[in-house]
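K.L.:
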């Protein structure tokens, strides 16, 4: 009996163990089944995505930005291939180790990269560095096994062929801002895209940028592309054909750079007087837009914006200066039109003009003696124009200044163009809360005081004098063409106004301007040419106003930043004018000495390339 009982208990224990084992087996099976159900049913979409991204990726293909050419087809702005370095974090098994290895040879902002990773979707490429060197490319390729998830793409990069040539006109690119991404209605813009920030690059952004392409690629476990499955090629942007002539532009850049190297910056504009086409336009100091193409560093940007000479400022349209004696053209025409003088009206210049107890000096201390309008313009006699201004009044002078386009934007087509300032009695009352003073009219009559003009306004004024009183809208783009070089849009001369002025009066002024350059006593003799008759007017714009009785001590040297600005405005040839120029040399002193020679060399260059007909004997 004892043995039987023992055997029974043993069998019961075995049966119990079997039951426990069975329960555990069923439970394990249930757990496994539930896991499979969770992965296959609940998480299938997520896991499918991971699987596909580990095998098939959609890659954006950037478009070639449209090129920019001069009027003769010379390429000014193009694109070039650049090697850009990217990271796909999900393809990297040991991210920190890979980045550590990368930093051995390639410098990049690791903190910025981590921030980008935090806000970037899974399996999206993150830019590490643009335009890496060939040595850096070789390093990545040689170490590709230990740099999983890090790869290189050849992509188009903006290339400014002549570096800083016409940089303010071309503009530059920069990474699209968050504000623009949020406000722009174009959904194709993405974070990291480069867009036009200034100049023509900005104005014609929508035409230049092109359309992105896409390709579906198969990748391995490290994210390396194996083959392309499908592709939608990108579409290149449209091209801009400009009015600029790179040959004239280069010469003008060289001449203005020479002045800028002496801390005498400035601007120069060359325009066709019959059409409004801008042949050359320079602002100094300048900058190299290539520094922006791959993303400018914070250090380089800070250097530009803190530079005391403001290299990012386009002085041609943003620089506002007193016109100095170039304004005497306006005062002379106003005097003739209003009948306060005739061409032969003689005014005696003793070297100063008296108004009450005040004295307003002529630039020639000993005076010019008795002069008529012609001699007054040729010798730039201040007293003669003080007298005309006193007779006219400020509001009448302003009326004629505005007729010639001063005091308003020229609509050149570049952003943030300044209007300059043509003062009036009402303007001062509204802005200064003070009545206009008669002495202020005296200063204004020779382009000092509150008067402000831009170089682009000055060239338009001079073109109107040259072409018989026609105001033209200046323009920089001749036509737009598609990538196949088919014209999409043409730009033509646009007349903005016909100045109401007696042609005889205008001719009187034109003759005087001719002799400013070619006469024995002319102030613009340094711009004279042998085979082309140049007509122009010098100007000196005060930076620091001196009192009427203030004199420089003998041997005293004025610091550069306090010296007067030098103006020269001109057109040529005299008989059949083709081009007009406006040049200002900041702190250059006298216009005839600093700006005049630059104009002379530009005229010489232009007419060497475009020979004019020989002048008739009666004009010599």
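Numbering (our numbering), first residue to last: 1 to 620. Where a beta carbon is used, it is the ideal one built from N, C-alpha and C, also for glycine.
Report yes or no: do the stretch 270-285 and the stretch 376-387 share at least 3 C-beta pairs separated by less than 8 Å?
P.N.:
Flag = no, the stretch 270-285 and the stretch 376-387 do not touch.
K.L.:
Just confirm the distance between the C-beta atoms of residue 517 and residue 527, as a whole number of angstroms; I'd bet it's less than 8 Å.
P.N.:
Right, the Cβ-Cβ distance comes to about 5 Å (below 8 Å), so this counts as a contact.
K.L.:
Could you tell me which uninterrupted alpha helix (DSSP H) segments, each at least 4 residues in length, are contained entirely in the stretch 481-526, listed from first to last along the chain?
P.N.:
With a minimum length of 4 residues, the continuous alpha helix (DSSP H) runs that stay inside the stretch 481-526 are 503-518.
K.L.:
Between residue 194 and chain B, is there a C-beta pair that is closer than 8 Å?
P.N.:
The chain labelled as chain B is not found in the depicted structure, where only one protein chain is given.
K.L.:
What number of angstroms, rounded off, separates the C-alpha of residue 334 from the C-alpha of residue 270?
P.N.:
Rounded to the nearest angstrom, the two C-alpha atoms are 26 Å apart.
K.L.:
With a CB to CB cut of under 8 Å and the five nearest residues on each side skipped, what residues in its chain are close to residue 433?
P.N.:
Same-chain partners within the cutoff: there are none.
K.L.:
Nearest by alpha-carbon distance to residue 216: which of 60, 188 and 357 is it?
P.N.:
It is 60 whose Cα lies nearest to the Cα of residue 216.
K.L.:
Could you pull the DSSP bridge partners for residue 81 from this structure?
P.N.:
According to DSSP, residue 81 bridges with 156.
K.L.:
Could you tell me whether the stretch 170-187 touches the stretch 128-139, where touching means 3 or more Cβ pairs closer than 8 Å?
P.N.:
Because the criterion of three Cβ pairs below 8 Å is not met, the stretch 170-187 and the stretch 128-139 do not touch.
K.L.:
So, residue 467 versus residue 612, is the Cβ gap smaller than 8 Å?
P.N.:
For residue 467 and residue 612, no; Cβs fall outside 8 Å.
K.L.:
Considering only C-alpha positions, which residue in the set 290, 13 and 124 is nearest to residue 161?
P.N.:
Nearest C-alpha to residue 161: 290.
K.L.:
Is residue 462 buried or exposed, if buried means 16 or more other CB atoms sit within 10 Å of its CB?
P.N.:
By the 10 Å Cβ count, residue 462 comes out buried.
K.L.:
Kindly indicate the opening and closing residues of the beta strand (DSSP E) around residue 470.
P.N.:
It spans 470-472 - the beta strand (DSSP E) in which residue 470 sits, taken as one unbroken run.
K.L.:
Kindly indicate the opening and closing residues of the alpha helix (DSSP H) around residue 64.
P.N.:
Counting along the chain, residue 64 falls outside any alpha helix (DSSP H), and DSSP gives it neither H nor E.
K.L.:
Would you mind listing the alpha helix (DSSP H) stretches within the stretch 181-207 that are 4+ residues and don't spill past its ends, in chain order?
P.N.:
With a minimum length of 4 residues, the continuous alpha helix (DSSP H) runs that stay inside the stretch 181-207 are 199-203.
K.L.:
Closest to residue 72 by C-alpha separation, out of 478, 428, 496 and 559, would be which residue?
P.N.:
When each option's Cα is compared against that of residue 72, the closest is 478.
K.L.:
Hey, which unbroken runs of the alpha helix (DSSP H) at 4 residues or more fall wholly within the stretch 367-403?
P.N.:
List check, alpha helix (DSSP H) in window: 373-379, 382-392 and 394-403.
K.L.:
Buried or exposed for residue 519, please, with buried defined as at least 16 other CB atoms from any protein chain shown within 10 angstroms of its CB.
P.N.:
Residue 519 comes out buried.
K.L.:
Check each candidate in 500, 390 and 472 and name the one with the smallest Cα separation from residue 446.
P.N.:
The shortest Cα separation from residue 446 among 500, 390 and 472 belongs to 390.
K.L.:
Would you give the residue range spanned by the beta strand (DSSP E) that residue 127 belongs to?
P.N.:
Segment 126-129, the beta strand (DSSP E) holding residue 127.
K.L.:
Taking only the alpha-carbon atoms, compute the straight-line gap between residue 47 and residue 57 and give it to the nearest angstrom.
P.N.:
Note that residue 47 scores 49 on pLDDT, short of 50, meaning its location in the model is unreliable and no value can be drawn from it.
K.L.:
Do the stretch 398-405 and the stretch 321-338 meet, that is, are 3 or more Cβ pairs less than 8 Å apart?
P.N.:
Taking 8 Å as the limit for Cβ pairs, the verdict is that the stretch 321-338 does touch the stretch 398-405.
K.L.:
Evaluate contact between the stretch 560-579 and the stretch 587-595, counting only Cβ atoms and requiring at least three cross-stretch pairs below 8 Å.
P.N.:
Contact between the stretch 560-579 and the stretch 587-595 is present, because at least three Cβ pairs lie under 8 Å.
K.L.:
Assess, as a yes-or-no matter, whether the stretch 76-95 is touched by the stretch 218-237 under the definition of 3 or more beta carbon pairs within less than 8 Å.
P.N.:
Result yes; three or more Cβ-Cβ pairs closer than 8 Å.
K.L.:
Indicate whether residue 652 and residue 249 have their beta-carbon atoms separated by less than 8 Å.
P.N.:
Outside the displayed range of the chain (1 to 620) lies residue 652, so it cannot be described from this structure.
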